[in-house]
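2 protein chains.
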Amino acid sequence: MSYRAEIIAVGTELLLGNVANTDAQFLSEQLASVGVDVLYHTAVGDNPTRLTEVIAIARRRADLLIFTGGLGPTYDDLTKETVCRAFGVELTFHPEIVEEIRQYLNTVFGAEAPACDSQQAWLPEGCTVLHNAVGTAPGCIFEKDGVTVVMLPGVPRECRYLTERGLIPWLRQKHQGVILSHDLRLFGLREPLVQEKLADLMDEAVNPSLAPYAKTGEVMLRLTAKADTAERCEELMAPLFWDVKTRLGDYLYGVDVDSLEQRVLQLLRERGLTLSAAESCTGGLIAKRITDLPGASAAFLGGVVSYTNGVKAHVLGVPEALLEEYGAVSAPVALAMAQGVRRITGSDLAVSVTGVAGPDKDDRGNEVGTVFIGLAAPDDTAVRQLALGTGRDRIRTLAAHYAFDMLRRYLTDLPIY
Amino acid sequence: MSYRAEIIAVGTELLLGNVANTDAQFLSEQLASVGVDVLYHTAVGDNPTRLTEVIAIARRRADLLIFTGGLGPTYDDLTKETVCRAFGVELTFHPEIVEEIRQYLNTVFGAEAPACDSQQAWLPEGCTVLHNAVGTAPGCIFEKDGVTVVMLPGVPRECRYLTERGLIPWLRQKHQGVILSHDLRLFGLREPLVQEKLADLMDEAVNPSLAPYAKTGEVMLRLTAKADTAERCEELMAPLFWDVKTRLGDYLYGVDVDSLEQRVLQLLRERGLTLSAAESCTGGLIAKRITDLPGASAAFLGGVVSYTNGVKAHVLGVPEALLEEYGAVSAPVALAMAQGVRRITGSDLAVSVTGVAGPDKDDRGNEVGTVFIGLAAPDDTAVRQLALGTGRDRIRTLAAHYAFDMLRRYLTDLPIY
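Protein chains in written order, with the working numbering: chain A, 1 to 417; chain P, 1001 to 1417.
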């Protein structure tokens, strides 16, 4: 059974930009994991005429329609009525749902529980009910005229709950086989160069498939295989994986990891080493990114954000003579910052960043985008100079990427750059 | 001129759930601010047949089609060709765009700039070019058969840039009259409570209108008026603005500012005061957020990320006896951290955060979400204890919000909480 799906969000708040359609992203990712091809996302307002037209279009081009939103008890919640009218399906009353909702409201609100609105207990005739333990709107699935229709509440927490507990298990039962994927993460090669190196593989690859995803300064490649078993999926992926890996060399920094900082934290923990950071232009971004990760405290001791020369000199101990002679944005100062934060925190490794994030040049005439990354280790020190172009956020993001990449390279015994 | 708009995102990565369609949300919000009604969002993959069908449907039900994504130089970037074919518009070559792209690449990559791919210099005949100073793909606008077609790159930074600098000014020119809005930003009141306080105003308000936008821990209210002149818009908004302001009291932290940190930076600069930060569970997030703002160096001196007791004691000078007696997550330690970072950086004000971001309780049994915020000022010190619930990212974001709010309250002579 292979579905062609359309996800239809109902809600004027989406069209006003009040909220992002995160349900569509979540559902798409979940559906991909069970081999359902999502071909369209649509969002439409709380308007029965336009919703009816959207349904007419969707049932011509897809055979699995998933509606999110508009299942609540208020006057503008019209999904159920409109969908059922379009498919010629009656709504029937489910007394057991009234009881469920009443119990839910009692648990959440106690003595102050509002009266249960029994409108939510009307569901399409013959449907599979998706019971909602985290809200009042149940979901449902019915099949009519070769089309499978799913309705889910729009509140992200409820949509997730019913997807994970109701829809995905239901689809797994229908589906024969397994889909597996691996994410390969690269740093230091821009997407067009990745495309150039892998163009022939991307064009040819069907099962497994190979697709690139670009982020600021990074590229991710996703390898996906479909087969009867997980083992067979891995077998299908192995030769392509090997080929891609060989072509990418040490630009490939990790497989099935989320970020450079996650890889660095992994390596630090494997090697039992600790880290600190001294940041000028990144202003805390390196510390923030590594402490975003649960378990960071096992390896990251802390750092100093030295946004002024005073803090560089008095907290980090950067010699004032260096600051005067070379200026704050210089290789000697980057190195002294890394050595300074390593000394005061007692960490094994330390990384430092000093540079010009803009919008203006610094007082020594360094261009916006000039960045120095320093590394201090027990046996080694290094400084790298970068010209990162323009855009304050971009420069800061890339500078942090390069700092983590320098650590990653040091920790895997690669040339630092 | 009143448009009925459809936003069409092109990109298989959306249908796989790899990214959320944040462009659609951003565009919807921007379009609402100039009085354009968005009726549909659609997302479709990098597939010319399906995209062509989507265009055929869209031009029947909308008269402003805004495409995002698929304008890059790679083989799966097919938006321009497919849209132009559907509308019977030729692509023409713009040599000046090649020059712009070359300059952009030189600025960003310096000597290592890749060759410019001139495919991006082909644009629809007679279009208005939206010049892209933050990437290589220009946007464009053309009108054909009563439909206005806009194409924007999908990279959120580029989409935003071209929307703000190109599309919105272009739409304002088309529009008769003026639309003005003011954003009121609140902290400390949850959205349902805001709704409760303002329900009657929101229901009644048409011109000016009043709409809420929720973010993590914050609420923004947008007041929008349409009239012949800007002065008339302001006149229309004044009574409602006053009423809302009175009802919200000091939960209202700013008008037409982007964030709490921006308001704090504004206040610091107005008062000629400097700031530093000592961060434990926020791990650099406060420093990162304030240094995201251009001009932060006028007031922010720097900070210390003290992720371990060692750094708290040796860098910030928190007495070991306090750490032993009360534990790192405690009011006395929060206070000593703020005082310590104020002393070593020489700042006028200092803020500190120590808490349990999770996933686990700390070794003293403090629950996840327990957070202490400290403030040290020349004439005052304060500590506030918070219970922020669960979710590592959420706790860190809220803790930073509360720290900035404490500073905001101090700097505007309000009770600190």
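Heads up, the beta-carbon is just placed ideally off N, CA and C, and yes, glycines get one too.
In the DSSP assignment, residue 1159 of chain P falls outside any beta strand (DSSP E) and lies within the alpha helix (DSSP H) extending over 1156-1162. Its Cα nearest to that of residue 163 of chain A, the residue A:30 stands out among A:336, A:204 and A:30. Per DSSP, the continuous beta strand (DSSP E) segment holding residue 1124 of chain P begins and ends at 1122-1124. Residue environment: residue 63 of chain A is assigned as buried (16 or more neighbouring CB atoms within 10 Å of its CB, all protein chains considered). Check the Cα spacing between residue 261 of chain A and each of A:241, A:228, A:295 and A:242: the tightest is with A:295.
Taking residue 318 of chain A as the centre and dropping the five residues before and after it, the same chain places the C-beta of 312, 333, 336, 337 and 340 closer than 7 Å to its C-beta, in chain order.
Taking 8 Å as the CB threshold, residue 1322 of chain P stays off the interface with chain A. For the pair residue 305 of chain A and residue 1303 of chain P, the CB atoms are nearer than the 8 Å cut-off. Annotated as distal: residue 1316 of chain P and residue 1299 of chain P, with beta-carbon spacing of 8 Å or more. With a minimum length of 3 residues, the unbroken runs of beta strand (DSSP E) contained wholly in the stretch 303-388 of chain A fall at 349-355, 370-377 and 380-387.
For the pair residue 1048 of chain P and residue 1078 of chain P, the CB atoms are nearer than the 8 Å cut-off.
Interface residue (Cβ-Cβ distance to chain P less than 8 Å): residue 297 of chain A is classified as such. Using a 10 angstroms sphere on the CB of residue 408 of chain A, the tally of other CB atoms reaches 16 or more, which defines it as buried. The residues 373 and 417, in chain order, have a CB closer than 6 Å to that of residue 384 of chain A in the same chain once the five nearest residues on each side in sequence are set aside. Fewer than three pairs of CB atoms, one per stretch, sit closer than 8 Å, so the stretch 1172-1186 of chain P makes no contact with the stretch 1093-1100 of chain P. The beta-carbon distance between residue 253 of chain A and residue 1291 of chain P, rounded to whole angstroms, is 26 Å. This is too long to meet the 8 Å contact definition.
Taking CB atoms only, residue 213 of chain A has a neighbour in chain P less than 8 Å away.
Between the stretch 1148-1168 of chain P and the stretch 1220-1239 of chain P, the count of Cβ pairs shorter than 8 Å is below three; the stretches do not touch. DSSP places residue 84 of chain A within a helical segment (H, G or I) once states are collapsed to three. For chain A, the residues of the stretch 1308-1321 of chain P that bring a beta carbon within less than 9 Å of one of its beta carbons are 1308, 1310, 1311, 1312, 1314 and 1315, in chain order. In this model, residue 1083 of chain P and residue 1053 of chain P are separated by some 11 Å (Cα to Cα).
From the beta-carbon of residue 1040 of chain P, the residues of chain A found nearer than 9 Å are 15, 42, 43, 44, 45, 50 and 54. DSSP, read as helix, strand or coil, puts residue 233 of chain A in helix. For residue 29 of chain A, the chain P residues whose C-beta falls within less than 9 Å of its own C-beta are 1016, 1017 and 1018, listed in chain order.
The three-state secondary structure of residue 192 of chain A, taken from DSSP, is helix. Ranking P:1002, P:1025 and P:1122 by CA distance to the CA of residue 1009 of chain P puts P:1025 first.
A residue is called buried once 16 or more other Cβ atoms fall within 10 Å of its Cβ, and residue 120 of chain A is buried on that count.
Cα atoms of residue 314 of chain A and residue 1070 of chain P: separation of roughly 51 Å, rounded to the nearest angstrom.
Closer than 8 Å to the CB of residue 1118 of chain P there is not a single CB belonging to chain A. For the stretch 1325-1346 of chain P, the residues whose beta carbon sits under 7 Å from a beta carbon of chain A are, in order, 1344, 1345 and 1346. Against residue 288 of chain A, the close residues of chain P are 1283, 1284, 1285 and 1288, in the order they occur along the chain (beta-carbon pairs closer than 7 Å).
Taking a C-beta cut-off of 8 Å against chain A, the contacting residues of the stretch 1372-1398 of chain P are 1392, 1393 and 1396, listed in chain order.
Distance between residue 27 of chain A and residue 264 of chain A, taken at the CA atoms: about 31 Å. Taking 8 Å as the upper bound for CB-CB distance, residue 1188 of chain P and residue 1405 of chain P are in contact here, some 7 Å apart. In the three-state DSSP reduction, residue 179 of chain A falls in the strand class (E or B).
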